[in-house]
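A.B. asks:
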Amino acid sequence: MARRVHEVMTGNPVTVGKSTTLAEAARVMRDADIGDVLVVDGGRLRGILTDRDIVVRAVADDRDPAETTVRAVCTTDPVTVGPDDGVDAAIALMRRRALRRLPVVTGDGALVGVVSLGDLVVEQDPGSALAAIAAAGPGNGHGNGPDNGRDS
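Okay, structure coming up:
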């Protein structure tokens, strides 16, 4: 039987509000040992922020991380999947859009998790060296690499 996203996703993803400063978001990432946070407002997904976003979109442009908010540099319309979507469909979407992570939202827009490339590698090929690295890595694969589809 085909596996569903909710079976492999990371539930309760790390989130921040859109008015959180980049400095605080970076501390959240450091403390959780991850490379991204999901941006929420009222329990609804509003964006995704990666460590690379902070560096490329803020620090490289001389923005003050203590003053700049997440809203100013995050990806505000991330590609998402539903919890009942098939794992194969999520993999195809990630491949087609060159994504490393997908927030998981319900039909009414509530954020319920995130599925990462690492989660899917472990699911598809649990015996591979890449799966072993993803399973042992920080944040269970939820964090390293480019943001939700945008490299700059």
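Residue numbers (UniProt numbering): 1 to 152.
The C-beta atom is built at its ideal place from N, Cα and C for all residues, glycine as well.
Given this structure, state the Cα-to-Cα distance separating A23 from A66, to the nearest angstrom.
C.D. replies: Sequence index remark: in the sequence shown, residue 23 carries index 23 (1-based). Sequence index remark: in the sequence shown, residue 66 carries index 66 (1-based). Taking the straight line from one Cα to the other gives about 5 Å.
A.B. asks: With a CB to CB cut of under 6 Å and the five nearest residues on each side skipped, what residues in its chain are close to residue 212?
C.D. replies: Nothing about residue 212 can be read from this structure; the chain reaches only from 1 to 152.
A.B. asks: Can you find the residues in the same chain that come closer than 8 Å, C-beta to C-beta, to L45, ignoring five residues on each side of it along the sequence?
C.D. replies: Mapped onto the sequence shown, residue 45 falls at position 45. Correct list, in chain order: L38, V39, P78, T80, P103, V105, G109 and L111.
A.B. asks: Do you know whose CA, among V14, G43 and S19, lies nearest R30's CA?
C.D. replies: Within the sequence shown, residue 30 is the residue found at index 30, counting from 1. The candidate whose alpha carbon is nearest that of R30 is V14.
A.B. asks: Straight-line CA distance for T21 to G107?
C.D. replies: As a first step, residue 21 is located in the sequence shown; it is residue number 21 there, counting from the start. As a first step, residue 107 is located in the sequence shown; it is residue number 107 there, counting from the start. Distance between the alpha carbons of T21 and G107: 30 Å.
A.B. asks: Give the single residue among R71, K18, P83 and I34 whose Cα lies nearest to the Cα of G118.
C.D. replies: Translated into positions along the sequence shown, residue 118 becomes position 118. Selected option, being the one with the closest Cα: I34.
A.B. asks: Thinking R101 and V121 are a contact (beta carbons under 8 Å), I'd like their distance in whole angstroms, please.
C.D. replies: To locate residue 101, count along the sequence shown from 1; it is residue 101. To locate residue 121, count along the sequence shown from 1; it is residue 121. Rounded, the Cβ-Cβ distance is 12 Å, inconsistent with contact.
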